[in-house]
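Single-structure report; data block below.
Numbering (my numbering), first residue to last: 168 to 345.
Following this line, the structure appears as structure tokens:
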């Protein structure tokens with residue numbers, strides 16, 4: 168979540184761009200510089216992230232995103248350097264075929280869902296910036312409607328795929344697949 172300083176900086180830049188043309192360039196630049204330094208002043212306390220690590224051992228594991236430092240016995244941030252233990256990692260021969268197919272379908276439909284939401288957001292942005300132009304508003308409505316239809320198709324495809332895979336896994340006795 169953005170800090171207060173980021174919001175302040177964004178607001179000051181917005182004021183700079185929306186300032187009336189009667190205000191001369193010197194005052195606009197002064198306002199922007201003052202806002203920038205004020206944002207840095209308010210953001211300074213949020214730059215401190217150092218905290219003492221918690222004690223850890225094999226019986227007392229660290230939290231998510233942390234690793235146990237063998238030298239100090241304290242939890243430290245590993246910054247994503249741990250090996251992935253689940254998901255699509257590993258060779259395809261390590262998991263049953265039905266689980267691999269399910270994982271691939273879930274990833275593909277998830278990516279398509281993100282694309283559909285982005286299309287809806289772009290359509291909404293175009294609508295907001297249309298400035299009353301009916302052609303742009305109509306184009307934006309079409310884009311939003313296409314994104315909504317895309318989401319409906321993606322959700323339907325996910326439901327059908329889940330039903331088929333669950334039915335096949337139960338019929339063949341390969342267990343439940345989520």
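Each residue gets a CB set at the ideal place from its N, CA and C atoms; glycine is no exception.
| Query | Result |
| --- | --- |
| Span separating the alpha-carbon of residue 305 from that of residue 221 | 57 Å |
| Residue from 200, 266, 233, 238 with nearest C-alpha to residue 336 | 266 |
| Residue 301 versus residue 290: straight-line alpha-carbon distance, rounded | 14 Å |
| DSSP-derived helix/strand/coil call for residue 262 | coil |
| Pairwise C-alpha distance: residue 200 and residue 188 | Because residue 188 carries a pLDDT of 48, less than 50, the predicted location of this residue cannot be relied on, and no value is offered for it. |
| Classification of residue 320 by the beta-carbon crowding that lies within 10 angstroms, buried from 16 upward | exposed |
| C-alpha gap between residue 168 and residue 340, whole angstroms | For residue 168, the predicted model reports a pLDDT of 48, less than 50, meaning its position is unreliable; a value from the coordinates is still stated below. The straight-line gap from Cα to Cα measures roughly 46 Å. |
| Ranges of the alpha helix (DSSP H) found wholly within the region 260-332, counting only runs of at least 4 | 264-295 |
| Three-state secondary structure (DSSP) of residue 226 | coil |
| Cα-Cα separation between residue 229 and residue 273, rounded to whole angstroms | 29 Å |
| Test item: CB-CB of residue 280 and residue 318 under 8 Å | yes |
| Between the CA atoms of residue 235 and residue 311 - distance to the nearest angstrom | 48 Å |
| Coarse secondary structure for residue 200, derived from DSSP in three states | helix |
| Buried or exposed (CB count within 10 angstroms, at least 16 for buried), residue 323 | exposed |
| Sub-8 Å separation of residue 238 and residue 223 beta-carbons | no |
| Residues that residue 234 bridges to, as DSSP identifies them | 243 |
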